[in-house]
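Enquirer: Residue numbers (the numbering used here): 3 to 387.
Even glycine gets a Cβ: it sits at the ideal position worked out from N, Cα and C.
Before I ask anything, let me first share the structure, which is written out below as structure tokens.
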């Protein structure tokens, strides 16, 4: 009993000291952290993992004209193209907060939205769905750990709008994917219990990991104090933009019969081209784990009062046919996403009809020049907060 009392006292003292230090340090650094806001789009289009994992870096840069776009690698693989939002929607009153890179799947985005949702002045969220998320068992534990943000987790925990039921489902999924991470497991178990002692620990941890996330971002971000005062045109000339995109694509996607970006095709497929024929014949898109995580994302969005636009991006049809992806599996995925959208009464932006459209894709899965323009045309249409 004496040892238990001593342990309890030690924990309390540790919490008091930790909280006092964090409060002092956070107050001392408050001015620096307030400067996370900039008067341009350099943070919104920043693709550093440190930005994606920082609640403050994201929320301080969502303005009334900002479109929240969640996705994965398609957000970064073409960010040097003029059709990418970073170049095409670089305005003070119309821009995009992009969040995601490879392995940013439904669960990671559910946690992210749960973190930033209450602070966001806009209440529409857009999620690009990649078919490959839904292969096998969904997100892998090692991929999840590399993208998981403890800062976002504690902000989700603090949300008063997200129900205990939804939080517990998220906590349980995190535990499933964190069996080899004792630190995360201990934290999540404390969030689930949430007794008096846990509440004190959770509060201290929230401050600690907020400080860590902000510091990591600030250390990696090359500050830009320029002022972007450009206003978006009242009407975009989409036909002109698409004509210019096709002209560019005809030059850089012209040495393969799949209309893929030459550099990508030559680097990834040309050497083993013959071997790749029929190589995807066993592909399935039936991960109940990932479909469940997608439902969690939609539950979080609903409880936070968000309108949702799901964006269904298909495979590049010519390459899918060559590699033998079963059409029955493709149709299965389409139907599941359409059914989920209807069940949750959300808007589905369905690009399945563009699967065989030339220059809509850069490669086998990522949007190309025409795809990027179509995406932005639809985002502007369906984001009217």
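Residue range of the beta strand (DSSP E) that residue 132 falls in?
Expert: Note, residue 132: beta strand (DSSP E), 126 to 132.
Enquirer: The beta strand (DSSP E) with residue 315 in it runs from where to where?
Expert: According to the DSSP assignment, residue 315 belongs to the beta strand (DSSP E) that extends over 309 to 315.
Enquirer: If I measure Cβ to Cβ from residue 267 and keep anything under 6 Å in the same chain, skipping five residues before and after, which residues do I get?
Expert: So the list reads 258, once near-sequence residues are dropped.
Enquirer: Rounding to the nearest angstrom, what Cα-Cα distance links residue 286 and residue 317 in this structure?
Expert: 13 Å
Enquirer: With a threshold of 8 Å on Cβ separation, who are the neighbours of residue 357 within its own chain once the five nearest residues in sequence on each side are excluded?
Expert: If we look at residue 357 and ignore the five residues flanking it on each side, its Cβ neighbours are 316, 317, 318, 319 and 322.
Enquirer: According to DSSP, is residue 363 part of a helix, a strand, or is it coil?
Expert: Strand at residue 363.
Enquirer: Taking Cβ to Cβ, would you say residue 66 is nearer than 8 Å to residue 143?
Expert: no
Enquirer: Buried or exposed: where does residue 58 fall if 16 or more other Cβ atoms within 10 Å of its Cβ makes it buried?
Expert: buried
Enquirer: What residue range is occupied by the uninterrupted beta strand (DSSP E) comprising residue 377?
Expert: First-last for residue 377: 371 to 384, but that is the alpha helix (DSSP H), not the beta strand (DSSP E).
Enquirer: To the nearest angstrom, how far is it from the Cα of residue 280 to the Cα of residue 262?
Expert: 18 Å
Enquirer: Using the Cβ count rule (16 or more neighbours within 10 Å means buried), how would you classify residue 135?
Expert: buried
Enquirer: Just how far apart, CA to CA, sit residue 240 and residue 249?
Expert: Spanning the two alpha carbons is a distance of roughly 14 Å.
Enquirer: Roughly how many angstroms lie between the CA atoms of residue 94 and residue 85, to the nearest whole one?
Expert: C-alpha of residue 94 to C-alpha of residue 85: approximately 18 Å in a straight line.
Enquirer: On the CB-based measure, 16 or more other CB atoms within 10 Å of its CB, does residue 303 come out buried or exposed?
Expert: buried
Enquirer: Between the Cα of residue 107 and the Cα atoms of 147, 202, 88 and 157, which residue gives the shortest distance?
Expert: It is 147 whose Cα lies nearest to the Cα of residue 107.
Enquirer: Would DSSP call residue 325 helix, strand or coil?
Expert: Correct three-state label for residue 325: helix.
Enquirer: Which residues bound the alpha helix (DSSP H) around residue 297?
Expert: 290 to 305
Enquirer: Starting from residue 100, follow the beta strand (DSSP E) in both directions and report where the run begins and ends.
Expert: 97 to 101
Enquirer: Assuming the contact rule is C-beta atoms closer than 8 Å, residue 193 and residue 223 should be a hit. Round their C-beta distance to whole Å, please.
Expert: With 8 Å as the limit, residue 193 and residue 223 do not qualify as a contact, their Cβ atoms being about 29 Å apart.
Enquirer: Please report how far the alpha carbon of residue 132 lies from the alpha carbon of residue 168, in whole angstroms.
Expert: 24 Å
Enquirer: Run through DSSP, which three-state label would residue 27 get?
Expert: Confidence at residue 27 is low in this model, with a pLDDT of 46, below 50, so the placement of that residue should be treated as unreliable; the coordinate-derived value is given next. Helix.
Enquirer: Between which two residues does the beta strand (DSSP E) containing residue 351 stretch?
Expert: 349 to 352
Enquirer: How close, in whole Å, do the beta carbons of residue 351 and residue 314 come, if the pair is a contact with beta carbons under 8 Å?
Expert: 7 Å
Enquirer: Round the Cβ separation of residue 113 and residue 154 to the nearest angstrom and send it over; I've been treating them as touching at under 8 Å.
Expert: 5 Å
Enquirer: Going by the beta-carbon positions, is the gap between residue 96 and residue 234 smaller than 8 Å?
Expert: yes
Enquirer: State whether the region 188 to 205 contacts the region 168 to 178, with contact taken as three or more CB pairs (one from each stretch) at a distance under 8 Å.
Expert: yes
Enquirer: Taking the continuous alpha helix (DSSP H) assigned at residue 114, which residues delimit it?
Expert: 108 to 118
Enquirer: Can you have a look at residue 247 and say buried or exposed, based on whether 16 or more other CB atoms are within 10 angstroms of its CB?
Expert: buried
Enquirer: In angstroms with no decimal places, state the Cα-to-Cα distance between residue 89 and residue 364.
Expert: 17 Å
Enquirer: Identify whether residue 72 lies in helix, strand or coil by the three-state DSSP scheme.
Expert: strand
Enquirer: Can you tell me whether residue 387 is helix, strand or coil according to DSSP?
Expert: coil
Enquirer: Quick one, are the C-beta atoms of residue 151 and residue 215 less than 8 Å apart?
Expert: Going by C-beta atoms, residue 151 is nearer than 8 Å to residue 215.
Enquirer: Just the C-alpha distance for residue 110 and residue 149, rounded to the nearest angstrom, thanks.
Expert: 7 Å
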